[in-house]
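Scroll down for the structure; my scribbles are underneath it.
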Amino acid sequence: MSAAAPAAQNSPAPDYLHDGSGIASWLLTRDHKRIAIMFYVLIVTFLFLGGIFALVLRTELLTPERTIIDATTYNRMFTMHGVTMVWLFMIPAIPNIFGNFVLPPMLGAKDLAFPRLNLASLYVYAIGAIVVLAGMVAGGADTGWTFYVPYSAETKTAVAPVVAGIFILGFSSIFTAINFIATVHTLRAEGISWMRMPLFAWGIYATSIIMLLATPVLALVLVLVAIDHLFGFGVFNPAIGGDPVLFQHLFWFYSHPAVYIMVLPAMGVISEVVPTFAHRRPASYTAIAISSLGIAFVGFLSWGHHLFVAGMSELDAGIFGGLSMFVAIFSAIKVFAWTGTLYKGSIAFRTPLLYFFGFLFLFIFGGMTGVAVATQGLDVHWHDTYFIVAHFHFIMVGGTITAFLAAAHYWFPKMFGRMYSERVGLLASAAVFIGFFFTFFPQFLLGNLGMPRRYYAYPAHFQFLNVLSTGGAWLLGSAMLLALGNLVVALKYGKPATANPWHSRSYEWLSASPPITHNFEETPVIRRDPYCYVLSEHESRERSFPPSETAA
Amino acid sequence: METRHPSFWHYGIVYVALMGLAVLSFGLSFLPIGGWQDAIAILIGALKALLVAAYFMHLVEQRFANRLVPSVAVALAVILVVITTLDPITRKTFPRAPMPLEASAPVGP
Amino acid sequence: MNGHRLAEQFSTFAKQDHAARLGMWGFLGSEVTLFGGLFALYAAYRAMYGHEFVAAVGHNNLAIGTINTLILLTSSFTVALTVWAARAARSKLIAPLLGLTILLGCVFLLLKGIEWSQHFHQGILPGLHYRNREMQEFGAKVFFTLYFIMTGLHAIHVVIGIAVLGWFAVQAGRRLYTPEHHVTLEMATLYWHLVDIVWIFLWPAFYLMRG
Amino acid sequence: MNELLRTILFLPPQATAEATAVDHLHYFVILTTMCGAALVTLFAAGFVIRYRQRAEPDEHHREAPGPTTPGWLETAFITGMFSLFILWWVLGYHEYVRLRVPPRDAMTVYVTAKQWMWKFSYPEAGAQEIATLIVPAGRPVKLVMTSRDVIHSFYVPDFRIKQDVVPGRYTTVWFNVIAPGRHEVLCTQYCGTYHSTMRAEIIALAAPEWDRFIGRASPTARIAGQPYTMAETPGNWQMFAPAQQLDLVRLGEQAAARLGCLRCHSVDGSRHIGPTFAGLYLSRVPLENGEEVVGDEAYITESMMDPLAKVHQGFEPVMPSYLGLISPAETAAIIEYVKALSPVPPAPDQGRGSVAPRPSGTPPPGEMGQPPRELGTRPPDTRPGFVLPSEQGTPIPGHPIQPPPQGRIEIRP
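Protein chains in written order, with the working numbering: chain A, 329 to 880; chain B, 6 to 114; chain C, 67 to 277; chain D, 49 to 461.
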């Protein structure tokens, strides 16, 4: 962050990194970019924390019985892995870092609609994270990240602080969502109609809708679990006639859409990366944009496919199975559109695009196995086995983390005004993909073989595939270190970046690298769309600022 | 957007209508019509909520976006209620409602 | 906000007000799904325990429930009038109207408290603490647990609403609201109306539906 | 083809007709998925190579407009994908309903799950088993399941069936095993610390053996007010186990594994849900009430039959009673096994107040349920009160267990 990046233009204003110094200028900032950077630091920390948990878990699973930790520790650790990765990393990662940073410049805006709410979101996130961490220090919960009752109400572990922390994190999500929705509606610069919004903005907008409307239900079930755990006010407690399956309905009403909270921004990133590096407009802009909204809405209607063997009625299973298929259609549309965008483009093969390839394969495979597990008859065998573990890691890790890394590389010059090492970036990207594949592909087979998830000890005939998976996990961990190390080194030693190193036409690249506090020196008035590669960069710039002021 | 604001009397009329509906709902709840009562009570409740939202909360004079957000939220809440309730209604496992834990001892010998 | 400043990211007041309204409606939307989850629980359990729920509804104090309904409807009316007063440039009326609303809210809470204490005396307590001897069925236990959770959560909203309106009443004493700039006041009233709407559905669920 | 794909996909054996049907759908879905993912990725890779950038663009560089996707192509993609997914849904729902709806003539077995064991009750025979479900092959069996504490899930990979077991409710699952054999049962719903050890076994018997198993049940014994005992109805897998020379210790070890003892009691001195078996015999056992007993045969027997009477200090009183579930012969065999785990009885002045964590000579930790490497074989104990078969199967006067002529161990009343 101390990088003394030269201003790319002859701009009189200092960039956002140098506009004010001292700790207070960061902690009390209302600049969406500084808030994004603070989120970046926190969230990447938690990514590594979750990753360390994952490596310990995988190491434990090297042998059928105890390897390094005992069953109690193992159970707490996989819970903490899930909680950290889902709520501290995956949900906020792309919206709160990259959404925060690039959404306003993408819309030609100076800031988000509610800058103070944005800062509040950061602090609420930090408080929630501290409470969750306190819960971990206090022993941690051993319920799995799903907190299924009645176990979560009965266990003697520290469920309450973990649940309370997630409850607080929910407010951070809601604040951010309100902010993004209001920003998209009210702060688009003159000339940016809905159908001229960059696709990442569509992804963020759709995600915000889910965050806003699903998170309260999560907060509700967590409160219900906590008061049952602490005071015995259990409305799901079978001892007073409660039905634990209803908990699962409500929990998945949030947690299934939560998958789309994670994956929609990832799709948004990909929808930006592909046109930029293919240098042509997306094959079907409208289809990609509208399918984001489609996913957001239909994603709400498919929660029940997590309950096929939970004792739900056959009718509901039929309804949810059918509705789940619709979500896949929207995702398939996007996949075809991205692939079509490469056709007859002028493709620059850079690190973010290599991440796109990782994303593409993992996402299609993960997505189609998702349709497979939504096929009720097959899900009976796969439910709660390693097949499911592999499936959602393909979507969430394969989808979200590759997109996260793609975004981290793609917007790195914009955020810090430096270029990273392309060679190391490509190497790390390939290593991430290979490590990932070897970690999770064997888990599909383990699931087929019948190994249930959350198993500390397992029958010996599962061992071979587990060893493969553990090896892959270590490779993946090292590759992640390499990728992020490359970026950290570039912060200090990278070559200075130009304002638009990828020659993108998207609006955020109209600002300097790094941008000034209010993003643009002049107010943009957009007379072109964000993927107009038929215009030269110079022309697209001319059509973005009122002519009288562009003379400089 | 806010072109014509409702006058005091608009608010008054809506208030009287709300009170009237509440009294009506109260009265109807004594009719011996079984399950229909529930449907009537919910319908009247929905009507009252609509009145409050439209006039007291000024949704009638709002932009489309402001109407869309609560509509989507209500639609999702209704879907949540309906599909979740369908489950216990159509379950074939038994008993439909839980039984005491003590009674769940093996039925065998 | 109080001085009706235009924040620098907005080009006009109209846009700023629109953003504020949209943000508030978004928040209210999240409240709707919050209570939607609870109503889903209520409906699902009612589907399981139809008769026992009917009996338990009959046990609740219909008079208090109905009076509380009328009180909240009236408070919704008085709070709606504050927006009318701001728009009609009668800002002197705002503080008294808010005060009246707060008073009604307090009466509502008082009645709610009386009702709860009646339940406590009958051994009707939430969850595992249920001690009532007459209604021993599972349905009754679940019903009253839901009753305490749902009315309790609603009561928390009423308390927050009272606090918010109280703050605005103090602000209104300084006559900050003009026909053009009253969007923050409008936001506060929206919250209170939401509390009212939730009660509109809680009333039949816990007092009326005896059929 | 079936066998090939099954092996490639690491699927377990298909023990029911339904499993085969599910697998056929599985092949279709997974092959489509893999081909789809590979095809799209290959297309994308091909595009990247074919249309790679020739020169670094500058400020004034323009690109030719990429072709817009024709509407018919978009429609075709969407319709194609949608039809495929709907086809999966229809086939999948069909299979699902088939797996969920038991045939009318299915035999019922009641299943109770608790942390962390499965208990099976047969209304026909009046028998109960822990951790072993014995069923007839070729006849549909319906399990009616409930849980005593938290949610568990009954999963048989070989049958491709799974059903959550919910406290306060009965859920059902059914299967029809084609041939006699053994199948693993796993719990797939996370249910607490020892979730991963909550396993059981299904043993499918051929018709004659099933008749023997079920026919030996003597309901009269229950009518007479006597607790049902395994000795009266030897519903016991050992009858059907492969011929094997069994000494008493090994028999005891197998019984301990089968009855679920080893799920809670370790044999290597490590602390588990219950006290370890290692070094237990003749050690001084501190009790919850502060007293102390010697871990002799009487104490071990009492602990099996009335486990809550004398609870070892520092352990939860969670053990179920095995009274009526375990034959005297098995009781004796388990005691012999426990004895074998402490070859050197501790001297009276040694290990006071606590079980020695790991006496010297205790076998090293083995996999749970697997025999420790070196078991000390001890001569049969012939003290009165315990009925013991001899090592070589020579009948001891008054003994219930005699080696059958085929070389199998048979347990008889």
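Every residue, glycine too, gets a C-beta built ideally from N, C-alpha and C.
query	result
Proximal residues of chain A, C-beta to C-beta of Ala-78 of chain B below 7 angstroms	Leu-541
Touch test, the stretch 83-91 of chain D against the stretch 631-639 of chain A, Cβ-Cβ under 8 angstroms, three pairs minimum	no
Within-8 angstroms CB hit, Ala-54 of chain B to chain C	yes
Beta carbon of Phe-508 of chain A nearer than 8 angstroms to that of Leu-431 of chain A	yes
Cross-chain neighbours of Thr-99 of chain C in chain A, by beta carbon under 8 angstroms	Leu-541, Ala-542, Pro-544 and Val-545
For Ile-215 of chain C: DSSP bridge partner residues	DSSP lists no partner for Ile-215 of chain C.
The stretch 114-130 of chain C in contact with the stretch 195-213 of chain C per 3-pair CB rule at 8 angstroms	yes
8 angstroms Cβ cutoff, Gly-632 of chain A in contact with chain B	yes
Where Leu-251 of chain C meets chain A, residues with beta-carbon distance less than 7 angstroms	Going along chain A, no residue has its Cβ under 7 angstroms from Leu-251 of chain C, so there is no contact; the nearest lies around 18 angstroms.
Three-pair Cβ contact test at 8 angstroms for the stretch 717-732 of chain A versus the stretch 762-782 of chain A	yes
Classification of Asn-828 of chain A by the beta-carbon crowding that lies within 10 angstroms, buried from 16 upward	buried
Sequence-distant residues of the same chain with beta carbon closer than 7 angstroms to Leu-139 of chain D, five excluded per side	Leu-73
Cutoff 6 angstroms; reference Ala-807 of chain A; Cβ partners in own chain excluding five residues on either side	Ala-756, Ala-759, Val-760 and Gly-763
Identity of the residue in A:Val-655, A:Phe-691, A:Ile-647 and A:Met-653 nearest Thr-667 of chain A by Cα	A:Phe-691
Own chain residues within Cβ distance below 7 angstroms of Ala-86 of chain C, not counting five before or after	Val-249 and Met-253
Any 3 or more C-beta pairs closer than 8 angstroms across the stretch 494-510 of chain A and the stretch 821-840 of chain A	no
C-beta neighbour in chain C for Ala-336 of chain A, strict 8 angstroms	Note that Ala-336 of chain A scores a pLDDT of 44, beneath 50, so its modelled location is shaky and nothing firm can be said.
Near-chain A residues of the stretch 138-163 of chain C - C-beta to any C-beta below 9 angstroms	none
In DSSP terms, what Thr-730 of chain A is bridged to	None, per the DSSP bridge assignment.
Thr-220 of chain D, enclosing beta strand (DSSP E) - first and last residue	219-223
Separation of Thr-148 of chain C from Arg-68 of chain B, as counted between CA atoms	21 angstroms
Trp-258 of chain C versus Gly-171 of chain C - alpha carbon distance	10 angstroms
Ile-380 of chain A vs Glu-388 of chain A beta-carbon contact at 8 angstroms	no
Environment of Asp-153 of chain D [buried if 16+ CB atoms lie within 10 Å]	exposed
Exposure of Leu-23 of chain B, with buried meaning 16 or more beta-carbon neighbours within 10 Å	buried
CB-CB length for Leu-177 of chain C against Asn-134 of chain C, believed under 8 angstroms	5 angstroms
Pairwise C-alpha distance: Thr-730 of chain A and Met-724 of chain A	9 angstroms
Burial state of Gly-300 of chain D, where buried means 16 or more other Cβ atoms lie within 10 Å	buried
Met-523 of chain A classed as buried or exposed, judged by whether at least 16 other C-beta atoms fall within 10 angstroms	exposed
Neighbour-count burial assignment, Pro-192 of chain C, 16 or more Cβ in a 10 Å radius	buried
Span separating the alpha-carbon of Phe-272 of chain C from that of Thr-68 of chain D	51 angstroms
Closest by C-alpha distance to Trp-164 of chain D, when choosing among D:Glu-378, D:Phe-261, D:Gly-308 and D:Glu-336	D:Gly-308
Residues, ordered as in the chain, of the stretch 197-221 of chain C that lie near chain A by beta-carbon distance below 9 angstroms	Glu-203, Phe-204, Gly-205, Ala-206, Lys-207, Val-208, Thr-211, Leu-212, Phe-214, Ile-215 and Leu-219
Burial state of Gln-82 of chain C, where buried means 16 or more other Cβ atoms lie within 10 Å	buried
Thr-826 of chain A (DSSP reduced to helix, strand or coil)	coil
Classification of Asp-43 of chain B by the beta-carbon crowding that lies within 10 angstroms, buried from 16 upward	buried
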